[in-house]
Amino acid sequence: MLEVRGLRAGYGRINVLWDVSLQFPTGELTAIVGPNGAGKTTLFRALMGLVPHQGEILLDGRPIRGRTWDLLEAGVVMVPEGRMVFKDMSVAENLALGAYPQRCRQARARNLERVYALFPRLKERHRQLAGSLSGGEAQMVAMGRGMMSEPRILLIDEPSLGLAPVIVKEVFGIIRRLKAEGVTIGLIEQNTHIALSVADRMHLMRSGKVLLSQDAGSVDLDRLHDLYLARESGQVQA
Amino acid sequence: MMRNLPAAALLVAALAIPLVFGGNGYIMGLMVSGLIVAGVALAWALLGNLGGMVSFGHAAFFGVGAYTSAILSAKAGLPVPLSLLAGALGAALCSLVMLPALRLSGPYFALAILAYAHIFKILATELSSITGGSAGFQRFPTLPTIAGIDFSSRTGSYALLVVMVALCALVYRAVKRSHVGTALRAMAESEDATRVVGVNATLLKSWMLLLSAFITGLFGAMNAHIINFLEPDYAFSGNWSVLPIIAAIFGGYRTILGPVAGAVLIYLFDQIIAKELLPVGHQILLGLLLAGMILVAPNGLFGLFQTRRKGAPHAAA
Numbered sequence: 002m003l004e005v006r007g008l009r010a011g012y013g014r015i016n017v018l019w020d021v022s023l024q025f026p027t028g029e030l031t032a033i034v035g036p037n038g039a040g041k042t043t044l045f046r047a048l049m050g051l052v053p054h055q056g057e058i059l060l061d062g063r064p065i066r067g068r069t070w071d072l073l074e075a076g077v078v079m080v081p082e083g084r085m086v087f088k089d090m091s092v093a094e095n096l097a098l099g100a101y102p103q104r105c106r107q108a109r110a111r112n113l114e115r116v117y118a119l120f121p122r123l124k125e126r127h128r129q130l131a132g133s134l135s136g137g138e139a140q141m142v143a144m145g146r147g148m149m150s151e152p153r154i155l156l157i158d159e160p161s162l163g164l165a166p167v168i169v170k171e172v173f174g175i176i177r178r179l180k181a182e183g184v185t186i187g188l189i190e191q192n193t194h195i196a197l198s199v200a201d202r203m204h205l206m207r208s209g210k211v212l213l214s215q216d217a218g219s220v221d222l223d224r225l226h227d228l229y230l231a232r233e234s235g236q237v238q239a
Numbered sequence: 005m006m007r008n009l010p011a012a013a014l015l016v017a018a019l020a021i022p023l024v025f026g027g028n029g030y031i032m033g034l035m036v037s038g039l040i041v042a043g044v045a046l047a048w049a050l051l052g053n054l055g056g057m058v059s060f061g062h063a064a065f066f067g068v069g070a071y072t073s074a075i076l077s078a079k080a081g082l083p084v085p086l087s088l089l090a091g092a093l094g095a096a097l098c099s100l101v102m103l104p105a106l107r108l109s110g111p112y113f114a115l116a117i118l119a120y121a122h123i124f125k126i127l128a129t130e131l132s133s134i135t136g137g138s139a140g141f142q143r144f145p146t147l148p149t150i151a152g153i154d155f156s157s158r159t160g161s162y163a164l165l166v167v168m169v170a171l172c173a174l175v176y177r178a179v180k181r182s183h184v185g186t187a188l189r190a191m192a193e194s195e196d197a198t199r200v201v202g203v204n205a206t207l208l209k210s211w212m213l214l215l216s217a218f219i220t221g222l223f224g225a226m227n228a229h230i231i232n233f234l235e236p237d238y239a240f241s242g243n244w245s246v247l248p249i250i251a252a253i254f255g256g257y258r259t260i261l262g263p264v265a266g267a268v269l270i271y272l273f274d275q276i277i278a279k280e281l282l283p284v285g286h287q288i289l290l291g292l293l294l295a296g297m298i299l300v301a302p303n304g305l306f307g308l309f310q311t312r313r314k315g316a317p318h319a320a321a
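In the order they appear, the protein sequences are chains A and B.
For the first sequence, my numbering begins at 2 and goes up steadily by one.
For the second sequence, my numbering begins at 5 and goes up steadily by one.
Structure follows, in structure tokens:
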């Protein structure tokens with residue numbers, strides 16, 4: 002289980018996260034929803050050691066040192082917002098970079114087969130430059146790259162961003178399969194409905210705070226919408 | 005087969021030259037110096053191509069390698085093969101001082117390393133009790149004779165340098181093809197994205213700087229024992245920074261063999277043709293040659309081979 006306690010993070014003098022505490026229970030899919038600027042991406046980036054932060058990050062109860070490569074060696078992997086594929090490199094090279102952590106180099110060939118089985122389109126296009134792919138294919142490369150890092154915990158940041166509904170469905174089909182394989186998943190999503198369709202638990206973030214945490218099965222949608230759209234402002238403390 | 009064509013052509017040329025010009029001391033001397041520049045150009049291109057850093061300070065590594073090896077062989081009695089290695093290590097050690105500058109990028113790094121190179125020239129001049137100061141340093145051993153091969157002869161030095169350049173090119177290729185090479189290439193595109201996949205960018209860049217300094221120091225050391233005389237103005241001359249850059253860009257700094265071929269061609273052109281035409285200020289012709297090359301083939305001489313090869317799979321697909 003991955004857990005954050007009292008996480009504060011920001012950019013320069015501007016603070017974005019205010020004492021965020023939440024958990025990503027093992028084997029579950031934890032969704033984080035919320036409007037733009039809520040601090041969702043900053044939360045993931047702070048978790049990965051990409052943004053300076055204060056507070057505790059615990060993996061299976063033990064604090065982990067927050068350098069990105071240490072987290073990857075520990076099995077915490079992120080599929081970043083906007084995919085961040087290497088446009089001038091081939092699909093195969095992009096995937097190979099996922100196996101950069103020491104821990105994943107041995108099983109690289111086996112993991113590659115697994116990724117190609119999950120995304121047959123990537124196998125067809127393995128020599129093509131990633132910059133020439135469609136948005137959906139680039140998302141597949143980003144997710145495949147994440148899988149090459151043998152994630153115990155996979156943090157996926159807005160996989161539906163800019164994708165056609167059909168492709169979004171396909172991407173979420175893959176997320177479901179990963180979950181069925183036992184990967185613990187953290188998912189940031191603006192599309193609340195699709196997020197709830199795969200999540201076990203859901204947290205709503207706004208203005209750098211977690212305002213609502215509920216089991217996905219028993220979400221109070223009215224309350225969620227009110228908070229999402231800031232109609233219920235009492236919850237937000239300055 | 006096509007892939008290895010440039011390498012095969014260079015190897016044939018390397019073997020043919022002593023057979024044709026072996027008796028011509030002048031040409032062999034030029035070839036030896038050209039190969040020294042080739043080694044430095046290779047090291048410079050490794051840092052530029054893989055590490056993404058433009059260095060104007062390789063003269064520092066060259067001079068430190070030269071002085072370290074000369075002093076250790078003369079004053080500590082170290083056998084020359086070991087002192088060469090010590091020279092290379094000494095240069096790598098000096099590059100450690102540069103590590104804070106790796107946080108700088110682009111022109112800022114270039115300026116920092118330019119200033120840095122001068123520190124060592126000043127040190128070599130001022131520490132005259134060890135280095136002989138500006139009067140120069142001499143009376144240190146030449147390259148030895150091993151297994152009946154006299155490496156201090158022109159042909160012997162030439163053979164040694166061909167082997168060393170080839171070895172360094174193979175090391176370069178191994179790094180380029182490893183997961184480190186892939187990560188470095190990715191870094192050139194987006195450092196943020198490489199951090200996401202767990203690449204320690206600063207660490208990898210540091211290794212490239214160390215390796216580049218090591219190779220440059222090695223060639224500086226070999227050159228010292230071939231020339232057998234050192235003075236700060238020569239060993240730390242800006243030429244050792246500038247010629248390799250011209251050579252690497254002329255030959256194609258994104259290729260491995262480009263800088264090697266470029267160095268030999270540029271050096272021969274400078275010494276045989278440019279000096280004849282313009283005894284004073286002949287380097288200006290190198291500038292013109294480079295400008296012309298950039299206009300005709302922006303990726304350099306060997307870049308021409310590469311772009312054509314890269315285009316093929318796309319055309320086929």
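Virtual Cβ for every residue (Gly too), placed ideally from N, Cα, C.
Around the beta carbon of A:I33, 16 or more other beta carbons sit within 10 angstroms, so the residue counts as buried.
With the criterion set as a beta carbon lying under 8 angstroms from some beta carbon of chain A, the members of the region 196-225 of chain B are D196, A197, T198, R199, V200, V201, G202, V203, N204, in sequence order. In the DSSP assignment, A:S214 forms a beta bridge with A:H204. Between the beta-carbon of B:A121 and that of B:F240 there is about 7 angstroms, and that keeps the pair under the 8 angstroms contact cut. One finds T186 in chain B with Cβ atoms closer than 7 angstroms to the Cβ of A:E94, taken in chain order. In this structure, B:S73 sits near B:G91, with a CB-CB distance shorter than 8 angstroms.
Within 10 angstroms of the beta-carbon of B:V167 lie fewer than 16 other beta-carbons, which makes it exposed. Not one beta carbon of chain A lies nearer than 8 angstroms to the beta carbon of B:A96. In terms of Cβ geometry, B:S245 and B:F60 form a close pair [threshold 8 angstroms]. Below the 8 angstroms Cβ cutoff, chain A contributes no neighbours of B:A278, its closest Cβ being approximately 37 angstroms away. In the displayed model, A:A165 falls within coil according to three-state DSSP, outside both helix and strand. In this model, B:R177 and A:M85 are separated by some 27 angstroms (Cα to Cα). Residue range 158-181 is occupied by the alpha helix (DSSP H) that includes B:R181. The beta-carbon separation of A:V142 and A:V92, rounded to 6 angstroms, stays under the 8 angstroms limit for a contact. By the neighbour-count criterion, in which a residue is buried when 16 or more other Cβ atoms sit within 10 angstroms of its Cβ, A:G13 is exposed. Separation of the CB atoms of B:L50 and B:M212 is rounded to 7 angstroms, and the pair is thereby assigned contact status at 8 angstroms. Restricting attention to B:K279, B:S182, B:S161, the CA atom closest to the CA of A:Y101 is found in B:S182.
For A:P64, the number of other beta carbons within 10 angstroms of its own is below 16, and it is reported as exposed.
In this structure, A:G40 lies near A:G209, with their beta-carbon atoms less than 8 angstroms apart. Cβ-Cβ distances below 6 angstroms link B:L164 to F155 in the same chain, with the five nearest sequence neighbours on each side left out; the list follows chain order. B:S182 is outside the set of residues whose beta carbon lies under 8 angstroms from a beta carbon in chain A.
Between A:D158 and A:F45, the C-beta spacing is below 8 angstroms. Here B:E280 is exposed: its Cβ has fewer than 16 other Cβ atoms, across all protein chains shown, within 10 Å. Assigned with DSSP and collapsed to three states, B:F141 falls in strand. The CB of B:R189 comes closer than 9 angstroms to the CB of F87, D89, M90, E94 in chain A, given here in chain order. The three-state reading of DSSP puts B:T135 in helix, counting H, G and I together.
The C-beta separation of A:L179 from A:I186 comes to about 6 angstroms, placing the pair in contact by the 8 angstroms criterion.
In the three-state scheme derived from DSSP, where H, G and I count as helix and E and B as strand, A:V78 is classed as strand. Contact between A:G28 and A:G183 holds, with the beta-carbon distance rounding to 6 angstroms and staying under 8 angstroms.
Within chain B, no C-beta atom comes less than 8 angstroms from the C-beta of A:W19; the nearest is roughly 25 angstroms away. In the structure shown, B:H62 adopts helical secondary structure according to DSSP, grouped into three states. Per DSSP, reduced to three states, the secondary structure at A:P64 is strand.
The three-state secondary structure of B:R258, taken from DSSP, is coil. Using a 10 angstroms sphere on the CB of B:S133, the tally of other CB atoms stays under 16, which defines it as exposed. From the beta-carbon of A:R122, no residue of chain B is found nearer than 7 angstroms; the closest lies around 15 angstroms away. For chain B, the residues of the region 51-81 of chain A that bring a beta carbon within less than 7 angstroms of one of its beta carbons are L51, T69, W70, L73, M79, P81, in chain order.
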